[in-house]
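K.L.:
Chains as they are written, first to last, in the numbering used here: chain P, 4 to 429; chain B, 4 to 429.
Just so it is clear, CB atoms sit at the ideal spot from N, CA and C, and this is done for glycine as well.
I have a structure here, written as structure tokens, and I will follow up with some questions on it.
In structure tokens:
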């Protein structure tokens, strides 16, 4: 951890820099994958699964038998934990439903908006060492609540051509029937453009490696929406002297273990606390199974001592972290001033991992400084908000002259005439 | 207007096609503009205003004197019309405020989300023949309500170096102080990257020509958010025999006058109504100042006769129009089934132009089929929704074991440890 004692304001911007993502150089390769999937459809997915996943697929789709066989493989303890998380996430996201509210903006002019589920969505869940069933919960639950008509899950197969049992269990719990055995850019291509068996979706969600990130970025220029731009995961912890250094160290390490490019930032108003946390990190990291990964991330991490907690918060707002942990005595006070962050964890008993799994908030959050201008995934991400308006005859009489005047001033006479022709008839 | 009588379902998809936008070929030129603005800042804006707007600028910023001089140039009638629109738009968008709602997802685990204004936003308003002060209202009002700290307006100067008086009047009414005299890709570059006097913004809103559209698309890959992807404006009108053919024709023409690439679609369950509307269009278009533009758009427009209003709605949902007008006897019934549209105008007395100017709904809406997967601009577009969570000691005891189990199952031991280390201490 590189440490900075009382950096000057002019130095702050440099400390908030993220590593530059070099996605441009991947575009040519990703475009080749796109072309292959567009030309050969499912056959391309089978070919690419053999190439990248070393899997021989009979079908690109998971069968009912595979799902049925997976269910008993998941321990009862894990099933109960998933159930608890499911209920909390569902409760929090159901509270995000926006009731239809009719607003009579003036007598006889009524406007409202209505949320309608995006019809077809694709959820991408990466494979690899950790089966991210928690991400499936985070995406599948709001998709369900939104009433999306078609939900496609795509995740890469193992070398045996199988999908992780907990992923299948979770998909089944969510009522997701269509599970595609595809990873990487080919999964994004299949969902964006469709194949003979995969429907083209309207919006694609989920994390992934740099090929997935580049592919998602590219399909946004081809009519498909995505959840948000992606970058390495991040945490910023603000701690004062009331924080337990071991708790803080554990929080920093839970971010560091994600990957060597994870961003870990520690800000405190206490030099002493910085020393304690550094010692606790050194102690705990040695015991982690993912020690090597965490150490690489820690090499790029920074620890900053500032004069006051207000300064710490100002730094955090400039950094715009994906996760912000307020390990301070009065987190409520500090939280009031948060202007740029994905999700905020308040006090000493709210570690990031509770939000990653089970508290109810969504863990798909803006990284890479995008907390400046994007929200995390929520029910909003799975709906379109359609506006409606209905005027009575009298309403049109009342509003019409203003519309005529404005249309005239903008030089749009046909716009004006659409009102005039009605007013003349009334 | 090309007409199609009872097209088969298999033919529908072809009828919903939009013209392909060829933005890729503009990228090189736009990148050159980006480079110039990044290298030379305001001097580049002055240079490009001379080149493209034929304007000699003393400063790239509008002065207080210019604003003061503009105010008396706007007629009292127009000021009153703007005031009426302002109040309606404000009322509708204020109703979109989301109150903070604390959800105790389980005992001791409290989650909520809070909307915080995006700190710095840029509003682009095109110049040209029509000064779109209505768009400035549609963007400026929600930006104000959201509490965006810095609002930059950019709009191209006339050859005299001036900005349209109504635009200045409206900006002043909205409390927008920083008005940049820049158009085209250079305006987007200035707001995205900043110059010595222009602050780099977090999100850019507003319509524009193909260079502006390409530039906005490009900056989304550079850390800046935009309102939504853009395409030519569209209307789809569904009418039955109760509709007045002259009203429908006026609505179709108010779309057609926008530009030669405007998309105009008419769907009816009555062959007779199609004939009447065609006759009314022919009659009205001859009287329009923008007759040539409207006629070009009409050449590409389509009129479709289907068997039932339900079929008409199904076609509309597939088309996903920016504006949908339901000129039918019972619009409430049809409106229930709308799944893909930007904004819906119900009944015979709700022409699109009331929504374009003054009813209260936003007129910045998804075009080009993006009503499948994007919402129109609303208060949501100007805020980030930050989630918060706070656990009590007991809350962590209750949720902790599930988090430990799930983290373990995902192979993320440091995530587990952040809980364990706390539970051990409690």
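If you draw a straight line from the C-alpha of residue 61 of chain P to the C-alpha of residue 46 of chain P, how long is it?
P.N.:
As a first step, residue 61 of chain P must be located in the first chain, where it is residue number 58. As a first step, residue 46 of chain P must be located in the first chain, where it is residue number 43. If I take the Cα positions, the gap works out to 11 Å.
K.L.:
Measure the CB-CB distance between residue 191 of chain B and residue 156 of chain B and report whether it falls below 7 Å.
P.N.:
As a first step, residue 191 of chain B is located in the second chain; it is residue number 188 there, counting from the start. As a first step, residue 156 of chain B is located in the second chain; it is residue number 153 there, counting from the start. Not closer than 7 Å, so no.
K.L.:
Taking C-beta to C-beta, are residue 146 of chain P and residue 385 of chain P nearer than 7 Å?
P.N.:
As a position in the first chain, residue 146 of chain P is number 143, starting the count at 1. As a position in the first chain, residue 385 of chain P is number 382, starting the count at 1. Their beta carbons are under 7 Å apart, which means residue 146 of chain P touches residue 385 of chain P by this criterion.
K.L.:
Touch check for the stretch 354–369 of chain P and the stretch 285–305 of chain P: three-plus C-beta pairs under 8 Å?
P.N.:
At 8 Å Cβ cutoff, the stretches do not touch.
K.L.:
Please report the straight-line C-alpha distance between residue 345 of chain P and residue 329 of chain P, rounded to a whole angstrom.
P.N.:
Here residue 345 of chain P is taken as the residue at index 342 of the first chain, counted from 1. Here residue 329 of chain P is taken as the residue at index 326 of the first chain, counted from 1. Computed Cα separation, rounded: 13 Å.
K.L.:
Would the stretch 261–280 of chain P count as touching the stretch 226–238 of chain P if we require 3 or more Cβ pairs under 8 Å?
P.N.:
Judged by Cβ distances under 8 Å, the stretch 261–280 of chain P makes contact with the stretch 226–238 of chain P, as three or more pairs qualify.
K.L.:
Is residue 408 of chain P closer than 7 Å to residue 79 of chain B when the C-beta atoms are compared?
P.N.:
Here residue 79 of chain B refers to the residue found at position 76 of the second chain. Here residue 408 of chain P refers to the residue found at position 405 of the first chain. No. Outside cutoff.
K.L.:
Tell me which residues of the stretch 375–388 of chain P have at least one Cβ-Cβ distance to chain B shorter than 9 Å, keeping chain order.
P.N.:
Of all residues in the stretch 375–388 of chain P, 375, 376, 377, 378, 379, 381, 383, 386, 387 and 388 have a Cβ within less than 9 Å of some Cβ in chain B.
K.L.:
Rounding to the nearest angstrom, what Cα-Cα distance links residue 4 of chain P and residue 86 of chain P in this structure?
P.N.:
For the purposes of this step, residue 4 of chain P is identified with residue 1 of the first chain, where counting begins at 1. For the purposes of this step, residue 86 of chain P is identified with residue 83 of the first chain, where counting begins at 1. Computed Cα separation, rounded: 38 Å.
K.L.:
Identify the continuous beta strand (DSSP E) that holds residue 126 of chain P and give its terminal residues.
P.N.:
As a working note, residue 126 of chain P is residue 123 in the first chain. It spans 123–127 - the beta strand (DSSP E) in which residue 126 of chain P sits, taken as one unbroken run.
K.L.:
Would you list the residues sitting across from residue 115 of chain B in a DSSP beta bridge?
P.N.:
Start at 1 with the first residue of the second chain, and residue 115 of chain B comes out as number 112. B:391, per the DSSP bridge assignment.
K.L.:
Can residue 280 of chain B and residue 309 of chain B be called in contact, C-beta distance under 7 Å?
P.N.:
As a first step, residue 280 of chain B must be located in the second chain, where it is residue number 277. As a first step, residue 309 of chain B must be located in the second chain, where it is residue number 306. Not closer than 7 Å, so no.
K.L.:
Along the chain, which unbroken stretches of the alpha helix (DSSP H) at least 4 residues long are found entirely within the stretch 326–391 of chain P?
P.N.:
Taking only runs of at least 4 residues, the alpha helix (DSSP H) segments lying wholly in the stretch 326–391 of chain P are 334–339 and 355–360.
K.L.:
Does the distance from the C-beta atom of residue 347 of chain P to that of residue 327 of chain P stay below 7 Å?
P.N.:
One-based indexing of the first chain puts residue 347 of chain P at position 344. One-based indexing of the first chain puts residue 327 of chain P at position 324. Yes, these two residues count as a Cβ contact at 7 Å.
K.L.:
Are residue 398 of chain P and residue 426 of chain P close, meaning C-beta to C-beta below 7 Å?
P.N.:
Counted from its first residue, the first chain places residue 398 of chain P at position 395. Counted from its first residue, the first chain places residue 426 of chain P at position 423. Contact flag unset, no.
K.L.:
Give me the residue from P:422, P:58 and P:257 with the minimum Cα distance to residue 255 of chain B.
P.N.:
As a position in the second chain, residue 255 of chain B is number 252, starting the count at 1. Of P:422, P:58 and P:257, the residue nearest in Cα terms is P:422.
K.L.:
Please check if any C-beta of chain B sits within less than 7 Å of the C-beta of residue 178 of chain P.
P.N.:
Translated into the one-based positions of the first chain, residue 178 of chain P becomes position 175. Answer no: the Cβ-Cβ gap between residue 178 of chain P and chain B never drops below 7 Å.
K.L.:
I'd like to check one pair, residue 311 of chain B with residue 272 of chain B: are the Cβ atoms closer than 7 Å?
P.N.:
Residue 272 of chain B sits at position 269 when you count from the first residue of the second chain. Residue 311 of chain B sits at position 308 when you count from the first residue of the second chain. Yes, they are a contact pair.
K.L.:
How close, in whole Å, do the beta carbons of residue 77 of chain P and residue 169 of chain P come, if the pair is a contact with beta carbons under 8 Å?
P.N.:
Within the first chain, numbered from 1, the residue matching residue 77 of chain P stands at position 74. Within the first chain, numbered from 1, the residue matching residue 169 of chain P stands at position 166. Correct: roughly 5 Å between the Cβ atoms.
K.L.:
Since residue 267 of chain B sits in a beta bridge, which residues does DSSP pair it with?
P.N.:
Residue 267 of chain B sits at position 264 when you count from the first residue of the second chain. Answer by DSSP bridge pairing, in chain order: B:238.
K.L.:
Strictly under 7 Å for the Cβ-Cβ distance: is residue 416 of chain P near chain B by that measure?
P.N.:
Your numbering for residue 416 of chain P matches position 413 in the first chain. Chain B, which has a Cβ nearer than 7 Å to the Cβ of residue 416 of chain P, makes this yes.
K.L.:
Please report the distance separating the alpha-carbon of residue 405 of chain P from that of residue 119 of chain P.
P.N.:
Along the first chain, one-based indexing puts residue 405 of chain P at 402. Along the first chain, one-based indexing puts residue 119 of chain P at 116. Those two C-alpha atoms are separated by around 32 Å.
K.L.:
Rounded C-beta distance between residue 371 of chain B and residue 21 of chain B? I'm assuming under 8 Å.
P.N.:
Locating residue 371 of chain B in the second chain gives position 368, counting from the first residue. Locating residue 21 of chain B in the second chain gives position 18, counting from the first residue. That pair is a contact at about 5 Å.
K.L.:
Please look up how many angstroms separate the CB atoms of residue 324 of chain P and residue 284 of chain P, rounded, as I've assumed it's under 8 Å.
P.N.:
As a working note, residue 324 of chain P is residue 321 in the first chain. As a working note, residue 284 of chain P is residue 281 in the first chain. Rounded, the Cβ-Cβ distance is 18 Å, inconsistent with contact.
K.L.:
In the DSSP assignment, what residue or residues form a beta bridge with residue 157 of chain P?
P.N.:
For the purposes of this step, residue 157 of chain P is identified with residue 154 of the first chain, where counting begins at 1. Paired residues: P:127 and P:183.
K.L.:
Note down, in chain order, all residues in the stretch 198–210 of chain P with a beta-carbon under 7 Å from any beta-carbon belonging to chain B.
P.N.:
Those residues of the stretch 198–210 of chain P that come within reach of chain B (Cβ to Cβ, closer than 7 Å) are 205 and 206.
K.L.:
Could you give the uninterrupted runs of the beta strand (DSSP E) lying entirely in the stretch 69–117 of chain B, keeping only those of 3 residues or more?
P.N.:
Runs found: 106–109.
K.L.:
Within 10 angstroms of the Cβ of residue 83 of chain P, are there 16 or more other Cβ atoms? Answer buried if so, exposed if not.
P.N.:
Numbered from 1 along the first chain, position 80 holds the residue referred to as residue 83 of chain P. Counting Cβ neighbours within 10 Å, residue 83 of chain P comes out exposed, since fewer than 16 surround it.
K.L.:
Just the Cα atoms here: how many angstroms apart are residue 314 of chain B and residue 92 of chain B?
P.N.:
What you label residue 314 of chain B is simply residue 311 of the second chain in a count that begins at 1. What you label residue 92 of chain B is simply residue 89 of the second chain in a count that begins at 1. Whole-angstrom Cα-Cα distance: 33 Å.
K.L.:
In this structure, does DSSP put residue 278 of chain B in helix, strand or coil?
P.N.:
Translated into the one-based positions of the second chain, residue 278 of chain B becomes position 275. Of the three classes helix, strand and coil, the one that applies to residue 278 of chain B here is helix, per DSSP.
K.L.:
Check distances from the C-beta atoms of the stretch 128–141 of chain P to those of chain B and list, in chain order, the residues that come in under 8 Å.
P.N.:
Those would be 132, 133, 134, 135, 136 and 137, in chain order.
K.L.:
With respect to the alpha helix (DSSP H) encompassing residue 9 of chain B, which residues constitute its N-terminal and C-terminal limits?
P.N.:
By 1-based counting over the second chain, the position of residue 9 of chain B is 6. It is not in any alpha helix (DSSP H) - residue 9 of chain B carries neither H nor E in the DSSP assignment.
K.L.:
Which of the residues in the stretch 333–349 of chain P, read from start to end, lie with their CB under 9 Å from any CB of chain B?
P.N.:
So the close ones are 334, 335, 338, 341, 342, 343, 344, 345, 346, 347, 348 and 349.
K.L.:
Taking all protein chains shown into account, decide if residue 152 of chain B is buried (16 or more other Cβ within 10 angstroms of its Cβ) or exposed.
P.N.:
Translated into positions along the second chain, residue 152 of chain B becomes position 149. Residue 152 of chain B is exposed by the Cβ-count criterion.
K.L.:
For residue 304 of chain B, return the contacting residues in chain P, with the cut-off set at a CB-CB distance below 7 Å.
P.N.:
For this step, residue 304 of chain B is matched to residue 301 along the second chain. Here the premise fails: no neighbours, minimum Cβ distance about 13 Å.
K.L.:
Who are the neighbours of residue 367 of chain P on chain B, taking C-beta pairs under 8 Å?
P.N.:
Position 364 of the first chain, counted from the first residue, corresponds to residue 367 of chain P. None at all; the shortest Cβ gap to chain B is about 11 Å.
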